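The next block holds one structure in the form of structure tokens; read it before the comments.
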Amino acid sequence: MSVLVDADTRVLVQGLTGDEGRFHARLMDEYGTRVVGGVVPGRGGESVEGLPVYGTVDRAVAETGADASVVFVPPAFAEDALMEALDSDLDLVVAITEGIPVQDMSRVYARARRVDTTLVGPNCPGVITPGEAKLGILPGDIFAAGSVGLVSRSGTLTYQIVDSLTERGLGQSTAIGIGGDPIVGTSFVDALDAFERDPDTEIAVLTGEIGGEDEQRAAEFVASEMDTPVVAFIAGRTAPEGTRMGHAGAIVSGDGAGTASAKIAAFEDRGVPVGETPGEVARLVDEQL
């Protein structure tokens, strides 16, 4: 069993005719993902990388049987693309696009709460089940199939921790990059709940950062709802208040709730070990398996 995607997932690429969409559609296909077509308004009937292009998501789903979409549409048009995907008969929508305005994303988030489709992102690297499928920009060659579930707000930290895990021979069941924006479709709690229900995930790794209180909510969920062990990593231990660090959501407002120290304490107070480096995270995981 895998989380969110597997070898049978049939994937559309929204924005297939753009440079990013075309490039990553090819890489996803080479990884083994069943990429079945693309969607670009006004470009229906064309072909890109040997894939058919459709003018609407509904038409693409009807023609290809797709059950997932990955969105590479520029931020100015991303709201329309995501709304269209959420209104179609898809199980999963992964939004890679960075820079979607908060007001646009608030409307998309509200729509996602009302439909039976999982939204991951935006501003995320995507989702991968090693050896089966990847949706997004994750470098497939550093992943290995295994039993460690990983959820992260940061693409780069995902890669560093996965590389450390793989070097120790610790493969991953699924890795989910939820994105670093203030509003994202899938939360830490959503991902941890999926790992808790996945029989192939023996341990989960949560990679958080400064800003917001999602990590504190995740710590409460781990303590009250999970039997699966969890190891955490929190970036930004030396980040100053009031300064945005990389991601739009990575900013400490001043009340102290979003600091790295507050998040680390939330996990440690509930018995969840927190690594100081990606290599230490891998060691802590190795010790618990």
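Following our numbering, the numbering of the sequence shown begins with 71 at its first residue and continues without gaps.
Just so it is clear, CB atoms sit at the ideal spot from N, CA and C, and this is done for glycine as well.
Bear in mind the structure is a predicted one, so any value in this text is a computation, not a measurement.
Nearest-angstrom beta carbon gap, residue j and residue i [assumed within contact, 8 Å]
| i | j | result |
| --- | --- | --- |
| Asp186 | Ser158 | Wrong, their Cβ atoms sit about 11 Å apart, outside the cutoff. |
| Gly85 | Val110 | 7 Å |
| Ser217 | Glu272 | 4 Å |
| Val190 | Ile231 | Contact doesn't hold; Cβ gap of about 18 Å is too wide. |
| Gly115 | Val83 | Wrong, their Cβ atoms sit about 16 Å apart, outside the cutoff. |
| Gly196 | Ile207 | 6 Å |
| Thr126 | Leu205 | Actually they do not touch by this definition, with Cβ atoms about 20 Å apart. |
CA-to-CA distance, residue j to residue i, given in whole angstroms
| i | j | result |
| --- | --- | --- |
| Val131 | Phe213 | 29 Å |
| Val355 | Val106 | 36 Å |
| Gly120 | Arg80 | 16 Å |
| Thr329 | Asp233 | 26 Å |
| Val292 | Cys194 | 23 Å |
| Ala289 | Leu262 | 10 Å |
| Pro144 | Glu357 | 43 Å |
| Ala352 | Leu227 | 12 Å |
| Val275 | Ala302 | 6 Å |
| Phe142 | Gly88 | 8 Å |
| Lys344 | Ala155 | Contrary to the premise, residue 344 reads as Val rather than Lys in this sequence. Approximately 37 Å, taken between the alpha carbons. |
| Tyr229 | Pro209 | 8 Å |
| Val342 | Pro348 | 16 Å |
| Gln242 | Ala215 | 5 Å |
| Ser117 | Gly255 | 30 Å |
| Arg96 | Ile170 | 24 Å |
| Val164 | Gln286 | 24 Å |
| Gly201 | Asp284 | 30 Å |
| Arg181 | Pro122 | 28 Å |
| Glu350 | Glu237 | 12 Å |
| Glu133 | Thr188 | 22 Å |
| Gly112 | Ala151 | 13 Å |
| Asp260 | Leu160 | 18 Å |
| Ala335 | Ile304 | 10 Å |
| Thr244 | Ala264 | 10 Å |
| Thr199 | Ala146 | 30 Å |
Residue interval of the alpha helix (DSSP H) (run including residue i)
| i | result |
| --- | --- |
| Phe337 | Ala330 to Glu338 |
| Ile231 | Gly225 to Glu237 |
| Gly210 | Where Gly210 is concerned, there is no enclosing alpha helix (DSSP H), given that its DSSP letter is neither H nor E. |
| Ala182 | Val172 to Ala182 |
| Ser294 | Asp284 to Glu295 |
| Pro53 | The structure shown does not extend to residue 53, since the chain spans only 71 to 359, so no value can be given for it. |
| Gly247 | Looking at the DSSP string, Gly247 is not in any alpha helix (DSSP H); the run it does join, the beta strand (DSSP E), is Gln242 to Gly247. |
| Ala77 | Run containing Ala77: none; DSSP gives neither H nor E here. |
| Val351 | Pro348 to Gln358 |
| Leu97 | Asp89 to Tyr101 |
Unbroken beta strand (DSSP E) run spanning residue i, endpoints
| i | result |
| --- | --- |
| Glu279 | Ile273 to Glu279 |
| Gly112 | Unbroken run through Gly112: none, as it is neither H nor E. |
| Thr187 | Premise fails: Thr187 is in no beta strand (DSSP E) and is neither H nor E. |
| Ala138 | Ala138 to Val141 |
| Gly196 | Gly196 to Thr199 |
| Leu403 | Nothing can be reported for residue 403: it is not among the residues displayed for the chain, which extend from 71 to 359. |
| Val301 | Val300 to Ala305 |
| Val131 | Val131 -> not in any beta strand (DSSP E); alpha helix (DSSP H) instead, spanning Val127 to Thr134. |
| Leu160 | Unbroken run through Leu160: none, as it is neither H nor E. |
| Val123 | Leu121 to Tyr124 |
Per-residue burial, residue i [other beta carbons within 10 Å of its own, 16 or more giving buried]
| i | result |
| --- | --- |
| Phe337 | buried |
| Glu149 | buried |
| Leu162 | buried |
| Phe258 | buried |
| Asp211 | exposed |
| Leu240 | buried |
| Pro192 | buried |
| Ser176 | exposed |
| Arg183 | exposed |
| Leu235 | buried |
| Ala138 | buried |
| Ala203 | buried |
| Asp339 | exposed |
| Val178 | buried |
| Val140 | buried |
Any chain C beta carbon closer than 8 Å to residue i
| i | result |
| --- | --- |
| Val73 | The structure shown contains no chain C, having only a single protein chain. |
Three-pair Cβ contact test at 8 Å for the region 289–308 versus the region 248–255: no
Three CB pairs or more closer than 8 Å across the region 76–85 and the region 261–270: In short, these stretches do not touch, since the Cβ pair count stays below three.
contact_flag[the region 277–289, the region 208–227] where n(CB pairs < 8 Å) is 3 or more: Contact holds: three or more Cβ-Cβ distances are below 8 Å.
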